[in-house]
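See structure below.
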Amino acid sequence: MSQADLTMQGHSAGMMTDRPFAIPTKKLAMWLFIIADTMTFAACLVAYGFLRNATPDWPRPFHSIVNVAIMTFILLTSSLTMLIGVQTAKAGDKAKAFRWTMITALLGVVFAVLHIREWLGLIGEGMTLFKNPWGTGLFGAAFFTVTGLHITHVIAGVIALLAVGLRYKNGRYHADDLEIVGLYWHFVDLVWMFVVPFVYLLNLAH
Amino acid sequence: MATVAEQKNEGMGKYLVVYFCILALAALQFVIAYQNITAAQMFRRMLSVAVVEAGVAVMFFMHLWSEKRGFLLFVVVFTIFVLLAMQFGWTDSFRLTHCGGYCS
Numbered sequence: 000m001s002q003a004d005l006t007m008q009g010h011s012a013g014m015m016t017d018r019p020f021a022i023p024t025k026k027l028a029m030w031l032f033i034i035a036d037t038m039t040f041a042a043c044l045v046a047y048g049f050l051r052n053a054t055p056d057w058p059r060p061f062h063s064i065v066n067v068a069i070m071t072f073i074l075l076t077s078s079l080t081m082l083i084g085v086q087t088a089k090a091g092d093k094a095k096a097f098r099w100t101m102i103t104a105l106l107g108v109v110f111a112v113l114h115i116r117e118w119l120g121l122i123g124e125g126m127t128l129f130k131n132p133w134g135t136g137l138f139g140a141a142f143f144t145v146t147g148l149h150i151t152h153v154i155a156g157v158i159a160l161l162a163v164g165l166r167y168k169n170g171r172y173h174a175d176d177l178e179i180v181g182l183y184w185h186f187v188d189l190v191w192m193f194v195v196p197f198v199y200l201l202n203l204a205h
Numbered sequence: 000m001a002t003v004a005e006q007k008n009e010g011m012g013k014y015l016v017v018y019f020c021i022l023a024l025a026a027l028q029f030v031i032a033y034q035n036i037t038a039a040q041m042f043r044r045m046l047s048v049a050v051v052e053a054g055v056a057v058m059f060f061m062h063l064w065s066e067k068r069g070f071l072l073f074v075v076v077f078t079i080f081v082l083l084a085m086q087f088g089w090t091d092s093f094r095l096t097h098c099g100g101y102c103s
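Shown next, in the form of structure tokens:
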């Protein structure tokens, strides 16, 4: 008798077979991960807010909104392309679904490149984790932590899109798997909706 | 009965509307950034817009709206509870702002 059979004996059949909220297990796992990750980002943003509020000489180094506006547009559009990919996968059009998933990954790469270019610009102006030419040194640590955590998620998302997309194309994964990686991608987009106003727009030089 | 292609087009139409709504809300945040208001007012307005934007994305892009109501309640109530619990530090932040951390 296997360990799984022994475990089954301790529970009623209903407890072992019913899926919580009638959601597929992988999807529920992704939702639980998203809830946990929401807390991580929320903690970072609340800590950032605490520092910004309590520090009188908080810098306002951003002179232009063009770069962040383009990055926002790209990330929001990538959520739409992801949705199209999932919809076409559910309709059974494998080639199109794979193409839209790769377009989403490409938009993620463009976003990451623009983000890194912005980082390099700020580093070039003298901003590091501990000092900057405009005000309190806390700004660099806070900025790089929040945006760094986000760009890490974007890069992880691009890798996940490539891996799941290729396996979907090869027939190892199904439309449901694309939907699950899509949930993660929408979450990355969702976090950006809070990072933009608090980290960029509230620190615009007027 | 609608064909799969018709259902797909209908779904795409809905997603396009949601996408343009989210784009408009994101643009609104940029407009707020150039308003001549205090930082506190700007923060409140931007937070309100971001919450609506995120809510629309979670409900329609992430399909939470079409999941079972029990799951929707689980996600929303649990997340809001923990997010609210994280706000305990603000009083200390304002204490530092108003008296440099030296008032009792």
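In order, the protein sequence lines correspond to chains A and B.
Position 156 of the first sequence, counted from 1, bears residue number 155 in numbering that gives the first Met the number 0, the numbering being contiguous throughout.
Position 24 of the second sequence, counted from 1, bears residue number 23 in numbering that gives the first Met the number 0, the numbering being contiguous throughout.
Heads up, the beta-carbon is just placed ideally off N, CA and C, and yes, glycines get one too.
Here the structure is a predicted model, which means the values were calculated and not measured.
Proximal residues to residue i (C-beta, below 8 Å), its chain only, five neighbours per side dropped
i	result
Lys-25/A	Asp-175, Asp-176, Ile-179
Gly-120/A	none
Those residues which DSSP pairs with residue i across a bridge
i	result
Phe-61/A	Leu-203/A
Close Cβ partners of residue i (< 7 Å) along its chain, the five nearest in sequence each way excluded
i	result
Glu-52/B	Ile-21, Leu-24, Ala-25
Thr-54/A	Thr-135, Leu-137
Val-153/A	Gly-107, Phe-110, Ala-111, Val-187
Residue i versus residue j - alpha carbon distance
i	j	result
Val-17/B	Leu-75/A	11 Å
Trp-89/B	Phe-49/A	6 Å
His-173/A	Tyr-167/A	6 Å
Gln-40/B	Thr-71/A	23 Å
Leu-182/A	Arg-18/A	19 Å
Arg-116/A	Gly-170/A	37 Å
Asn-35/B	Phe-19/B	27 Å
Phe-42/B	Ala-28/A	33 Å
Ala-38/B	Leu-201/A	7 Å
Ala-104/B	Leu-79/A	Residue coverage of chain B in this structure runs from 0 to 103, which leaves residue 104/B outside it and unanswerable.
Thr-37/A	Val-74/B	11 Å
Glu-124/A	Gly-12/B	45 Å
Phe-87/B	Leu-113/A	35 Å
Ala-155/A	Ile-69/A	21 Å
N-terminal and C-terminal residue of the alpha helix (DSSP H) that residue i is part of
i	result
Gln-40/B	38-55
Tyr-183/A	174-194
Gly-48/A	24-53
His-100/A	First, the residue type needs correcting, since residue 100/A is Thr and not His in the sequence shown. Start and end: 93-123.
Arg-225/A	Look at the range of chain A in this structure, 0 to 205, and you will see that residue 225/A is not part of it.
Own chain residues within Cβ distance below 6 Å of residue i, not counting five before or after
i	result
Ala-47/A	The question names Ala, yet the displayed sequence has Tyr at residue 47/A. Contacts found: Ala-141, Val-145.
Pro-60/A	Trp-133
Ala-88/A	Ala-96, Ala-174, Leu-177
Could you name the residues of the region 33-66 of chain A whose beta carbon sits closer than 7 Å to any beta carbon of chain B, in the order they occur along the chain? For the region 33-66 of chain A, the set of positions with a beta-carbon nearer than 7 Å to some beta-carbon of chain B reads Ile-34, Thr-37, Met-38, Ala-41, Ala-42, Val-45, Phe-49, Asn-52, Ala-53, Ile-64 in chain order.
At a CB distance below 9 Å, what residues from the region 129-159 of chain A approach chain B? Give them in sequence order. Hits within the stretch: zero.
With 9 Å as the C-beta to C-beta threshold (strictly closer), list the residues of the region 166-188 of chain A near chain B in chain order. Along the region 166-188 of chain A, the positions whose C-beta sits under 9 Å from a C-beta of chain B are Glu-178, Gly-181, Leu-182, His-185, Phe-186, Asp-188, read in chain order.
Contact residues within the region 70-90 of chain B, judged by C-beta distance below 8 Å to chain A: If the cut-off is 8 Å between Cβ atoms, the region 70-90 of chain B has Phe-70, Phe-73, Val-74, Phe-77, Thr-78, Val-81, Leu-82, Met-85, Gln-86, Gly-88, Trp-89 near chain A.
Using a Cβ-Cβ cut-off of less than 7 Å, list which residues of the region 19-37 of chain B approach chain A; keep chain order. So the list reads Ile-21, Leu-22, Ala-25, Gln-28, Phe-29, Ala-32, given in the order they occur along the chain.
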